[in-house]
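The sequence shown lines up with residues 1 to 149 when you count with full-length UniProt numbering. In what follows, a single structure is set out as structure tokens and then discussed.
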Amino acid sequence: MIVDIYSRKIIAAEVFTSESGKHAAELLQRAVWNEKCSSNNLVLHSDNGGPMRSCTLLAKMYALGVLSSYSRPRVSNDNPYSESLFRTLKYCPWWPENGFYTIDDARVWVNGFVNWYNFEHKHGGIKYVTPAERHQGNDMKILIARKAV
């Protein structure tokens, strides 16, 4: 998953059968293209895992003009936005207790979660608007209307 830390919107998500730099590069490219943000000053903050430090991903980041930023070694809370997102994912009421039977089941579930998270979930870190509302710039209008009540 790739999350925009300003809006908390999940801008790209995919379930693969394995971790790899190639998969991470594909996901990043899709995120940049879908968001039409290739000319912005983008920074990808990640952990120090192999896929995130792979030459394949680094080459894709360079090609897209994305800067890299990594969590400090042995600092478990250095990426609080991702940690919060994954906690929400793992503890949501409809998380399947027995896991997923197929990769397609996992993909369907994750797509449903992303849709709920972006468009229905009122996020406490962004004053209880949805990530999509904030990402689209509608949050201020909503907050002003709330204050008027």
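Note that the Cβ used here is the ideal one computed from N, Cα and C, for glycine as well.
Is Y117 closer than 8 Å to I10 when the C-beta atoms are compared? Sequence index remark: in the sequence shown, residue 10 carries index 10 (1-based). Sequence index remark: in the sequence shown, residue 117 carries index 117 (1-based). Taking 8 Å as the Cβ cut-off, I10 and Y117 qualify as a contacting pair.
Going along the chain, which unbroken runs of the beta strand (DSSP E) with 3 or more residues stay wholly within the UniProt domain "Integrase catalytic" (1 to 139)? 10 to 12, 42 to 46, 66 to 70
State whether the stretch 41 to 48 contacts the stretch 133 to 149, with contact taken as three or more CB pairs (one from each stretch) at a distance under 8 Å. no
How would you label L57, buried or exposed, when you count the other beta carbons within 10 angstroms and need 16 or more for buried? Counting from one through the sequence shown, the residue named residue 57 turns up at place 57. Label assigned to L57: buried.
Spatial neighbours of H135 within its chain, please: CB distance less than 6 Å, with the 5 preceding and 5 following residues excluded, ordered by chain position. Locating residue 135 in the sequence shown gives position 135, where the first residue counts as 1. Here the set comprises S7, K9.
Does the stretch 86 to 93 come close enough to the stretch 61 to 77 that 3 or more CB-CB pairs lie under 8 Å? At 8 Å Cβ cutoff, the stretches do not touch.
Go through its chain and collect everything with a Cβ distance to H121's Cβ below 8 Å, but skip five positions before and after it. As a first step, residue 121 must be located in the sequence shown, where it is residue number 121. The answer, listed in chain order, is T88, T130, P131.
Please work out which residues of its chain come closer than 7 Å, Cβ to Cβ, to K22, disregarding the five sequence neighbours upstream and downstream, and give them in chain order. Here residue 22 refers to the residue found at position 22 when the sequence shown is read from its first residue. Taken in chain order, the residues that qualify are T56.
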